[in-house]
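If you're matching positions, the sequence shown starts at 31 in this note's numbering and goes up one per residue.
Using N, Cα and C, we set each Cβ at its ideal position, and we do this for glycine too.
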Amino acid sequence: MKNFTLAVALLITFSAQSQIGMGTPNPDPSAVLELASTQKGFLPPRLTTLQRDAIVHPPVGLTIFNTIKNCLEWYNISGWYNACGDNPVALANYTCDTLETGTMTEGIPVSGVSQTITAAVSSPGSYDISTTNNGVTFSAKGYFTSKGNHDVILHAKGTPIAHGFHTFTISGTATCSFGRSVNLSPAIVSSYSCNTANSGTMVVGTAVSGITQTITATVTKIGAYSITTNTVNGVTFSASGTFSSTGYQDVILTATGTPIAIGFDKFTLNTTPGCSFDRPTIDANTVVGKANKIWMAYNLGATKVPTAPDDTAQYGDLYQWGRATDGHEKTNSLTTTTRSNTDTPVDGKFIIMTAAPLNWRSSANNKLWQGGSGANNPCPAGFRIPTIQEFKDEISQSKIGDVKSAFYNTPLKLVAAGHRDLTNGNLGSVGVSGFYWSSDLDRYNNAYILMIYGGGAGGNSTYYPAMGLSVRCIKD
């Protein structure tokens, strides 16, 4: 009787406070009642299953300890639940194709792969869903606490055995199926060769179309491949697919993007092992020669590509070696017999002479046309006078042997513009022969030239710098 009176007194006292603490002077603000002890526990009512079921209209949240199951149990809308795994089973119909995430690859353990299904719950309760196929299991377990639609995320584990499309079926009181694709395992390649073939020419400012690069892979294990290059000058090459057999296999990489600037660019595969290839980009004023160099499409002084070997309107100007574009190069420019003592004559006249040294400058300067940084380089920015070896390479690759083949066999469309004589300024060999300056000089300060004529072509001759010859620029 004394204990009962004390308990009632305590409850009356605690009811005047917002929180009740037993064993602690500072109960948590979120708790109505907090019990604190380091030596004893909280003992809920202990009931058998029969006694529990005798409770009429148990409220949600009612908690007991079931002495038959040896489990802590609590009541929810659909019945009694516990942590021992024998909760009432939910009743639901399933829709299996709500959402899928992640990808699977043959022979590789799955990671981050799931399938979201939707359960239309008619009777709340526990669920334990599992489906296995092709070495992979999708599963989830938990509780539906209310009726209606509930999404369930089935997480995958395992290692796919075979590639292809596989069906997973949920069975039980309600069934549904979903399909998931398994990618082919990656191929193994021992080496790549990047220069098997190429097609198309890239043009500045124009979206690429039909530009491809064929590479050859040495395949040691069949499987999937996905190959891409670095992005260079606004362009990327790529390809994906499946190697269905081993040995040498060609892959056609297709370009995407829009080139930004002219020049040769190196593209490198993202593979291991890898390889690289070069591809040129041109514009309306440039061409790629047979020796794989970028050239101006026409001679300095011309305005467009000549249409025929005798298109005299596009023969261009005739320069004295080492001089800038100052007017002297015009085929009808005035002449003078006064040599220049500077690198830049100011009168724009063609300098003629009959006595040595046969140079328009009073003392030779051999660096005026050396490379793109040459002081008097007459070529557009980014271009220079070619070396004699670069001319020889184009002759060899294009099989140039006379005036006709110099025009038709090479994208450069070289013409026989003739020369301007150093002794009197007269034109000669027009339409008969072509003479093109190189940047190389011999030990006598005479320049090597490309010469094309009716019976041949070559790059072993030299001319005096005072001669007026054609200039064809090459990309620096």
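*Since I believe residue 120 is in contact with residue 151 (beta carbons under 8 angstroms), could you give me their beta-carbon distance rounded to a whole number of angstroms?*
That pair is a contact at about 6 angstroms.
_For residue 205, the nearest candidate out of 159, 250, 170 and 232 (CA to CA)_ = Distances from the alpha-carbon of residue 205 to those of 159, 250, 170 and 232 put 159 closest.
*How should residue 296 be labelled, buried or exposed, when 16 other C-beta atoms within 10 angstroms of its C-beta is the threshold for buried?*
exposed
*Determine the extent of the beta strand (DSSP E) in which residue 186 is found, giving its start and end residues.*
178 to 188
*Sub-9 angstroms separation of residue 408 and residue 503 beta-carbons*: Cβ distance < 9 angstroms, so residue 408 and residue 503 count as in contact.
*Identify, in the order they occur along the chain, each residue of the same chain with its Cβ nearer than 7 angstroms to the Cβ of residue 499, setting aside the five sequence neighbours on each side.*
348, 349, 449, 465, 466, 467, 479 and 493
*residue 145: first and last residue of the uninterrupted beta strand (DSSP E) it sits in*: 144 to 153
*Are the Cβ atoms of residue 364 and residue 380 separated by less than 9 angstroms?*
yes
*Between residue 313 and residue 282, which are expected to be in contact by the criterion C-beta below 8 angstroms, what is the C-beta distance as a whole number of angstroms?*
About 26 angstroms separates the two Cβ atoms, so there is no contact after all.
_I need the boundaries of the alpha helix (DSSP H) containing residue 212, first residue and last residue._
Per DSSP, residue 212 belongs to no alpha helix (DSSP H); it is in the beta strand (DSSP E), 206 to 213.
*With which residues is residue 295 paired in a DSSP beta bridge?*
309
*Cα-Cα, which of 452, 371, 75 and 288 is closest to residue 236?*
288
*Mind checking whether residue 123 and residue 84 have CB atoms under 9 angstroms apart?*
For residue 123 and residue 84, no; Cβs fall outside 9 angstroms.
*Would you mind giving the Cβ-Cβ distance between residue 495 and residue 390, rounded to the nearest angstrom? I have them listed as a contact below 8 angstroms.*
6 angstroms
*Which residue comes first and which comes last in the beta strand (DSSP E) that contains residue 127?*
121 to 131
*Looking only at DSSP bridge pairs, what is residue 501 linked to?*
DSSP lists no partner for residue 501.
_Extract the residue ranges of the beta strand (DSSP E) inside the stretch 309 to 385, only unbroken runs of 3 or more that lie entirely within it._
Every beta strand (DSSP E) of 3 residues or more that sits fully in the stretch 309 to 385 is shown, in chain order, as 316 to 318 and 324 to 326.
*Three-pair Cβ contact test at 8 angstroms for the stretch 240 to 254 versus the stretch 219 to 230*: yes
*Would you mind sorting residue 442 into buried or exposed? The rule is 16 or more other CB atoms within 10 Å of its CB.*
buried
*Using three-state DSSP, classify residue 82 as helix, strand or coil.*
In the structure shown, residue 82 sits in a helix (DSSP, three-state: H, G or I).
*Just mark residue 111 as buried or exposed, buried being the case when its beta carbon has 16 or more other beta carbons within 10 Å.*
buried
*Same chain only: Cβ atoms within 7 angstroms of residue 59, ignoring 5 sequence neighbours per side*: Within the same chain, 49 come within 7 angstroms of residue 59 by CB-CB distance, once the 5 residues on both sides are set aside.
_Could you tell me the alpha carbon to alpha carbon distance between residue 406 and residue 458, rounded to whole angstroms?_
Using only the alpha carbons, I get a separation of about 25 angstroms.
*Between the Cα of residue 87 and those of 74, 78, 95 and 105, spot the shortest distance and give me the residue it belongs to.*
Closest option to residue 87, Cα to Cα, is 105.
*What number of angstroms, rounded off, separates the C-alpha of residue 277 from the C-alpha of residue 144?*
Cα-Cα distance, rounded: 37 angstroms.
*Does DSSP classify residue 70 as helix, strand or coil?*
coil
_Only counting the same chain, and skipping five residues up and downstream in sequence, which positions put a Cβ closer than 6 angstroms to that of residue 77?_
Short of 6 angstroms from the beta carbon of residue 77, and not among the five residues preceding or following it, lie these beta carbons of its own chain, in chain order: 94.
*Tell me, which residues are paired with residue 436 by DSSP?*
Partner residues in a beta bridge of residue 436, as assigned by DSSP, do not exist.
*Under the DSSP definition of a beta bridge, which residues are partnered with residue 136?*
Answer by DSSP bridge pairing: none, since residue 136 is not bridged.
*Roughly how far, in whole angstroms, is the beta-carbon of residue 79 from the beta-carbon of residue 107, given that I think they are within contact range, below 8 angstroms?*
Actually they do not touch by this definition, with Cβ atoms about 19 angstroms apart.
*Apart from the five residues just before and just after residue 422, which ones in its own chain have a Cβ nearer than 7 angstroms to its Cβ?*
489
_Taking the straight line between their C-alpha atoms, what separation do you get for residue 427 and residue 420?_
11 angstroms
*Determine the DSSP secondary structure at residue 49, reduced to helix, strand or coil.*
coil
*Can you name the residues that DSSP bridges to residue 450?*
BP columns for residue 450 point to 457 and 498.
*asked:* Could you check if residue 390 belongs to the surroundings of the ligand FAD, using beta carbon to heavy atom distance under 8 angstroms?
replied: Ligands displayed in this structure: none; no statement on the ligand FAD is therefore possible.
*Per DSSP, which one or two residues make a beta bridge with residue 252?*
None; residue 252 has no bridge partner.
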